[in-house]
Amino acid sequence: MADSVFLRKVAIAAAFVVQSFGATAANVAYVGAGSSGDYLNFYGHTVTQITNPTTAGFLAGFDAVVVSSNSTFSDVTLVGDEVKSFADAGGGVVLGQFVFQGQWAISGGINSPGYNPFVNDASSSSYNIGSSLGTIYDAASPLFNGLTVANISTQYQANVGLDAGATLVADWTSDRKAIAFNQLSHSKVVGLNLFPSDGELNADTQQLVSNAIDFSMTAAVPEPQVYVLMLLGLSLVGAAARRRRG
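Numbers -25 to -1, 1 to 221, taken from mature numbering (1 follows the signal peptide of the UniProt record, and there is no 0), label the letters of the sequence shown in order.
Have a look at this one:
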C-alpha cells in the first residue's frame, strides 16, 4: 500500500515537472497612457487599464502586467519598482514600447540586472522604423504559438541593448533587437520592442503579445538531470514493488 501511494505521488510530481506551456485566461493589468490592450480580451484575458499609477501596490491581485506607454509616467521609478516587486512575487511581466525609449523610459528596480531583458535606449528619436522579424534565434519558442512569424511587424522600435543574462529570441530586419526575456524563479520578464497598443498591431502581432503574457507566467524549465532523477526514482520504486509482490 505504501509503495502504491508513493508511486502515485511520484507520478503526480512527474506530471507537474513536464507540464507544457499553454494559453491561459489571465487577469492582466495594462499599464500606460496612450496605449490600449483591449484586444487582449479577445484572447481570453481580462484586461484592466491603469494609465498613470502613482501609489504602491497597484498591481495587487493581477496575474500579469503589460507595461507600455505613449507618454511619460508621473513617477517612473515607482512604476519600475512596483513591476520588479510584482515579478519577484511570481507575476508575469511584459514590457513594450515606449518604456525602453528616451524620455518615456521607466526606471527603478525593473531595470536591475536580470529583469528588463533590454538595456534602454537613451535617445528620444529614431524609433519610427517599420520592420518585420529578421533573424530568429529560437523558432520553436512558445512565443510563436498559433501565429505566422513572417507577419509579425512593428512601426516603433528602440535601439536597445541586451541585458547580460537575457535570452534573445529574435531581431527585427533593421538588426535592432525584437524579442527577449529574462527568466526568474517563478515567472519571466518578456521584452517586446514594439508598441503593443490596440490599433497598432495586425492579428499575428496581437497573438504574439497574448503569447508573451502566457509565457511570462511560466516558471523555469527544470534542467535535464531533474527528469533523469525523476525517471530513475520511478524505476527504482517500481522494481521494489515488483520484488515485494514476488
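Note that the Cβ used here is the ideal one computed from N, Cα and C, for glycine as well. This one's a predicted model, so the numbers in the text were calculated from it and none came from an experiment.
Distance, Cα to Cα, residue i vs residue j?
i: G86; j: G55; result: According to the sequence displayed, residue 86 carries Asn and not Gly. Going by the C-alpha atoms only, they are around 7 Å apart.
i: Y102; j: V41; result: 20 Å
i: A97; j: G89; result: 19 Å
i: N157; j: V94; result: 12 Å
i: Q78; j: S43; result: 13 Å
i: K59; j: D146; result: 25 Å
i: T23; j: N2; result: 8 Å
i: A116; j: G136; result: Per the sequence presented here, residue 116 reads as Ser, with Ala not at that position. Cα to Cα, S116 sits roughly 21 Å from G136.
i: P28; j: S106; result: 31 Å
i: N120; j: N186; result: 7 Å
i: K152; j: L143; result: 8 Å
i: K163; j: T(-2); result: 15 Å
i: Y112; j: A155; result: 10 Å
Quick one: what does DSSP say residue i is sitting in, helix, strand or coil?
i: G166; result: strand
i: Q158; result: strand
i: D56; result: helix
i: D150; result: coil
i: A62; result: helix
i: I85; result: helix
i: N16; result: helix
i: L118; result: helix
i: A(-11); result: For A(-11), the pLDDT reaches just 37, beneath the cut-off of 50, and the residue's location in the model is therefore unreliable, although a value from the coordinates is still provided. Correct three-state label for A(-11): helix.
Under the DSSP definition of a beta bridge, which residues are partnered with residue i?
i: V41; result: Y5 and V69
i: D96; result: Q76
i: A139; result: Answer is none; A139 lacks a bridge partner.
i: A145; result: I111 and I154
i: M23; result: Residue 23 is actually Thr in this sequence, not Met. Paired residues: A4.
Hey, quick one: how far does the alpha helix (DSSP H) through residue i stretch, first residue to last?
i: T180; result: A178 to S191
Which first and last residues belong to the beta strand (DSSP E) in which residue i is found?
i: Q130; result: S128 to Y131
i: N103; result: N103 to I111
i: V124; result: Note, V124: premise wrong, no beta strand (DSSP E); not H, not E.
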